[in-house]
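Enquirer:
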Amino acid sequence: DNSLLRQVSSLLRRLPAIESEKFQDNFL
Amino acid sequence: EEQVLIIREKLAELYESEHEWSKAAQMLSGIDLDSGMRVIDDTFRLSKCVQIARLYLEDDDAVNAEAFINKASFLVSNTEQEALSLQYKVCYARILDLKRKFLEAALRYYDISQIEKWQIGEEEINEEALEQALAAAVTCTILAAAGPQRSRVLATLYKDERCSKLKIYPILQKVYLERILRKPEIDAFAEELKPHQKALLPDNFTVLDRAMIEHNLLSASKLYTNISFEELGTLLGIAPQKAEKIASRMICEDRMRGSIDQVEAVIHFEDDTVEMQQWDQQIFGLCQALNEILDGMAKKGL
Amino acid sequence: MDIEQKQAEHIDYFVKQASALKGSALSSLVVEATSHPSLFAFSEILSVPNFLELEGTEHSIFLDLLRLFAHETWSEYKHIANRLPKLVPDQVLKLKQLSVLTLAETSKVLPYDTLMQELDVTNVRELEDFLINDCMYVGIVRGKLDQLRRCFEVQFAAGRDLRPGQMGGLIQTLATWLSTSEDLLVSVQEKIKWADSMNEIVKKHKKENEERVEDVKKTLS
């Protein structure tokens, strides 16, 4: 099912959720 | 007094026929509605106040109109005359509009637009009149200063199916979706406005300018982490200094979150959620997307 | 309504159209589909037999064009433009939108320079206007523009049609997610047990202390 595959593909790219330096500091 | 009344009414009619609205209003306002000599019933008193207010409004004279509408406000609640009560509502909405109390005016206009009766007294309510009231509600909401109540009214209007048929709908949609409005769209919107809605404010902005620039600034804050004032000026169609001035005022009035680096000439929009909360939201969104996919699979029997 | 829901009805429409047309008649359909403002996926249309029959015929360039829109980017089109039909402006816009989705597949932070090079854009204002009006407001990406760092931070990007061979990677990533999640759950379980046991120890210790206090009190009295 192409539509589901596209959604899964989009889903998998949502991680990492945030990549900004500021976040890294907070997260650590 | 009876003769004076008749003469004044006659003269007022003549003035009206010559579109001398204020003169007609002044002529009628000379009638002593509070005289103790004659018995005057409240309905007559109310009808005269509303008529005078309407005449003043023909010349956009909100101050005088308001005086008579205030008088009428003590009488309107106990009248049986629906037509009069409707005329009173319309006058009141228009006065608020003229006084640039846009959000209050919008609520009144919207209320009027929801009248379901087609016949009130002798007056027939046609669909076009209701549509005009609805369009006026949308215009006033767009011109009102940004804030939570304005957002609520915008949401109500955007979800009201009747609005999708209005000429102004595309602008309403963009404003509701907090999208940037471009100059051609703003100019087209301006053509629909009344003179007082384009009036110049003390700080040399027009009402429309300020509403649109503030709206676009908030929209930009949803798209940018930070932006130079030069680019922001280009985006908003105004000089960078102006952009900085409006942005700084909005931040001071706590209507937008951000900070200004004057050395770098950059504004930093601060999202009202701290980094960790943003992370939470992203993870939440991810889980939701995952659920939707699983639901989709279940629906397709996979 | 997300992009997949929005484009589902358009996909159905074009699949039906493609099933009813043959040969060169499909060419105008390809132009219509690849210009459609709400359509960003073409696999379903590609799998219509009438299209597959174009393979090896004089009309195969339309099949190639549709495949390009399904999987490739604007810069790849430029490399083989001499072998493909000339694009109308709407098709160029569409291909550039799809290019942003492809870039977002590999990185969450897209530098302006990379985007400007990929999209043939010469200044920041034009790039940002494109990202705002033709990407974010259309709903295919969500994210934040950062002028100081000159980059576009992507929070969400719609999925494109999978390229041949991409399925393996997809499955691998899902498997990694699964094992990471299971590991995480196991470590959470362990932490809960650990917390419980610590709690027990603290309680016991506290109780012992209280008993000792009582004893001392008795002794004193």
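Protein chains in written order, with our numbering: chain A, 1 to 28; chain B, 29 to 330; chain C, 331 to 551.
A virtual CB, placed ideally from N, CA and C, is assigned to each residue, including glycine.
DSSP three-state label for VAL430(C), please.
Expert: helix
Enquirer: Under a three-way DSSP split, which group does SER256(B) fall into?
Expert: strand
Enquirer: Between the beta-carbon of HIS378(C) and the beta-carbon of ALA348(C), is there less than 8 Å?
Expert: According to the sequence provided, residue 378(C) is Val. The question's His does not apply to it. Yes, Cβ-Cβ distance for VAL378(C) and ALA348(C) is below 8 Å.
Enquirer: Which same chain residues, not among the five before or five after LEU356(C), have their C-beta less than 8 Å away from its C-beta?
Expert: Excluding sequence neighbours, LEU356(C) sits near ALA348, ASN380, PHE381, LEU384, HIS389 and PHE392.
Enquirer: Kindly indicate the opening and closing residues of the alpha helix (DSSP H) around PRO230(B).
Expert: Unbroken run through PRO230(B): none, as it is neither H nor E.
Enquirer: When you compare the CB positions of ARG472(C) and THR432(C), do they come within less than 8 Å of one another, or not?
Expert: no
Enquirer: Pick from ILE531(C), HIS366(C), LEU508(C) and PHE370(C): whose alpha carbon is nearest that of GLU334(C)?
Expert: PHE370(C)
Enquirer: Less than 8 Å between the beta carbons of VAL78(B) and TYR116(B), yes or no?
Expert: yes
Enquirer: Name, please, each residue of chain C whose Cβ falls closer than 8 Å to the Cβ of GLN7(A).
Expert: GLU334 and GLY489
Enquirer: Per DSSP, GLU152(B) is paired with what?
Expert: GLN147(B)
Enquirer: Among GLY58(B), ALA267(B) and LEU185(B), whose alpha-carbon lies nearest the alpha-carbon of GLN142(B)?
Expert: LEU185(B)
Enquirer: Would THR503(C) count as contacting chain A if we go by Cβ distances under 8 Å?
Expert: yes
Enquirer: Along the chain, which unbroken stretches of the alpha helix (DSSP H) at least 4 residues long are found entirely within the region 83 to 154 of chain B?
Expert: 90 to 104, 110 to 126 and 130 to 141
Enquirer: Could you check whether the Cβ of ILE311(B) sits closer than 8 Å to any Cβ belonging to chain F?
Expert: As a matter of chain content, chain F is missing from the structure shown, whose protein chains are A, B and C.
Enquirer: Please determine, among THR253(B), LYS195(B), LEU246(B) and LEU251(B), the residue with the shortest C-alpha to C-alpha distance to ALA271(B).
Expert: LEU246(B)
Enquirer: Starting from CYS465(C), trace the alpha helix (DSSP H) both ways and give me its first and last residue.
Expert: CYS465(C) -> no alpha helix (DSSP H), and no H or E assigned at all.
Enquirer: Could you tell me the boundaries of the beta strand (DSSP E) in which HIS296(B) lies?
Expert: 294 to 297
Enquirer: With 7 Å as the limit, tell me which residues of the region 247 to 269 of chain B have their beta carbon closer than that to any beta carbon of chain C; keep them in chain order.
Expert: LEU251, TYR252, THR253, ASN254, ILE255, SER256, GLU259 and THR262
Enquirer: Just to confirm the assignment, what range does the beta strand (DSSP E) spanning GLU220(B) have?
Expert: Per DSSP, GLU220(B) belongs to no beta strand (DSSP E) and is neither H nor E.
Enquirer: Just the C-alpha distance for ASN106(B) and PRO223(B), rounded to the nearest angstrom, thanks.
Expert: ASN106(B) and PRO223(B): Cα-Cα distance of roughly 35 Å.
Enquirer: Could you tell me if CYS465(C) is buried or exposed, where buried requires 16 or more neighbouring beta carbons within 10 angstroms of its beta carbon?
Expert: Buried is the call here.
Enquirer: Do LEU158(B) and LEU194(B) have their C-beta atoms within less than 8 Å of each other?
Expert: no
Enquirer: Below 7 Å between beta carbons is the criterion; list the residues of the region 424 to 449 of chain C that meet it against any residue of chain B, in chain order.
Expert: none
Enquirer: Would you call the CB atoms of LEU500(C) and SER9(A) closer than 8 Å?
Expert: Yes, Cβ-Cβ distance for LEU500(C) and SER9(A) is below 8 Å.
Enquirer: My output table needs one value for VAL484(C): the three-state DSSP class, helix, strand or coil.
Expert: strand
Enquirer: Measuring alpha carbon to alpha carbon, tell me which residue in SER57(B), LEU61(B) and ALA93(B) is nearest LYS127(B).
Expert: Of SER57(B), LEU61(B) and ALA93(B), the residue nearest in Cα terms is ALA93(B).
Enquirer: Is it buried or exposed for ASN539(C), if we count other Cβ within 10 angstroms and need 16 for buried?
Expert: exposed
Enquirer: Using the three-state DSSP reduction, which class does SER3(A) fall into: helix, strand or coil?
Expert: helix
Enquirer: Can you tell me whether DSSP reads SER287(B) as helix, strand or coil?
Expert: strand
Enquirer: Taking 8 Å as the CB-CB limit, is LEU12(A) close to chain C?
Expert: yes
Enquirer: Following the continuous beta strand (DSSP E) through LEU440(C), name the residue where it begins and the one where it ends.
Expert: 439 to 441
Enquirer: Buried or exposed for TRP404(C), please, with buried defined as at least 16 other CB atoms from any protein chain shown within 10 angstroms of its CB.
Expert: buried
Enquirer: Rounded to whole angstroms, what is the Cα-Cα separation between ASN2(A) and LYS202(B)?
Expert: 32 Å
Enquirer: Going by DSSP in three states, LYS521(C) sits in which element: helix, strand or coil?
Expert: helix
Enquirer: Which residue wins for smallest C-alpha separation from LEU85(B), given the options GLY58(B), ASP62(B), GLU110(B) and LYS51(B)?
Expert: Here the closest residue by C-alpha is LYS51(B).
Enquirer: Taking MET65(B) as part of the alpha helix (DSSP H), name the residues at either end of that continuous run.
Expert: Here MET65(B) belongs to no alpha helix (DSSP H), and DSSP marks it neither H nor E.
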